[in-house]
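S.K.: When the letters of the sequence shown are read in order and numbered with the numbering used here, they come out as residues 12 to 166. Even glycine gets a Cβ: it sits at the ideal position worked out from N, Cα and C.
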Amino acid sequence: MKIDGLGRILGEHRLFAGLDAEFLSLVAGCASNQAFPPGTRLAELGARVDKIFLVREGDVAMELATPGRGRVRIQTVGPGEVLGLSWLVPPYKWTSDAETVDRVRVIELDAECLRRKCEADPAIGYAVLKRFMSPLLDRLNEAQLQMLDVYGHAR
Numbered sequence: 012m013k014i015d016g017l018g019r020i021l022g023e024h025r026l027f028a029g030l031d032a033e034f035l036s037l038v039a040g041c042a043s044n045q046a047f048p049p050g051t052r053l054a055e056l057g058a059r060v061d062k063i064f065l066v067r068e069g070d071v072a073m074e075l076a077t078p079g080r081g082r083v084r085i086q087t088v089g090p091g092e093v094l095g096l097s098w099l100v101p102p103y104k105w106t107s108d109a110e111t112v113d114r115v116r117v118i119e120l121d122a123e124c125l126r127r128k129c130e131a132d133p134a135i136g137y138a139v140l141k142r143f144m145s146p147l148l149d150r151l152n153e154a155q156l157q158m159l160d161v162y163g164h165a166r
């Protein structure tokens, strides 16, 4: 099977690199190619995660509102990275706000569509879960390092 269109673009993103054409075609059925100008709000803390963004170009700031300090950037998501990792785990809620820093191009995945496909075929669900675990663990490791910068000290 030949990969074209969104399937080809998905296969170029590090999250889905190396997967076969049939799988990429299946995921492409939940995907669209999108671009957003700077300052576009892609997510709000506590809102339902109905979209997953595979960043192709540009940066997205993940931010939290903090008492006395206003909005604080906790991380920047860039090309090759994923925004919306909580799409797979109930209650499917955003854990921060997310806003484009500059012009951003993404592959936007419909989270509900992808969940349905994962639930309908456990082999697909397992393959998707394995692919999303790596960026999830990366995000956890980055948060731990950030905590060391803020709170780490010798005893």
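Bridge partners for residue 118 per DSSP, in chain order?
M.R.: For residue 118, which the question treats as bridged, DSSP gives the partners 44, 65.
S.K.: Pick helix, strand or coil for residue 139, following the three-state DSSP scheme.
M.R.: Here residue 139 sits in helix by DSSP.
S.K.: What is the residue span of the beta strand (DSSP E) that residue 109 lies within?
M.R.: Per DSSP, residue 109 belongs to the beta strand (DSSP E) from 108–111.
S.K.: Judging by CA-CA distance, which residue of 65, 55, 18 is the nearest neighbour of residue 94?
M.R.: Minimum Cα distance to residue 94 is reached at 65.
S.K.: If you draw a straight line from the C-alpha of residue 138 to the C-alpha of residue 122, how long is it?
M.R.: Computed Cα separation, rounded: 15 Å.
S.K.: Is DSSP giving residue 58 helix, strand or coil here?
M.R.: Three-state DSSP puts residue 58 in coil, outside helix and strand.
S.K.: What residue from 29, 42, 46, 92 has the CA that sits closest to residue 113's CA?
M.R.: Nearest C-alpha to residue 113: 46.
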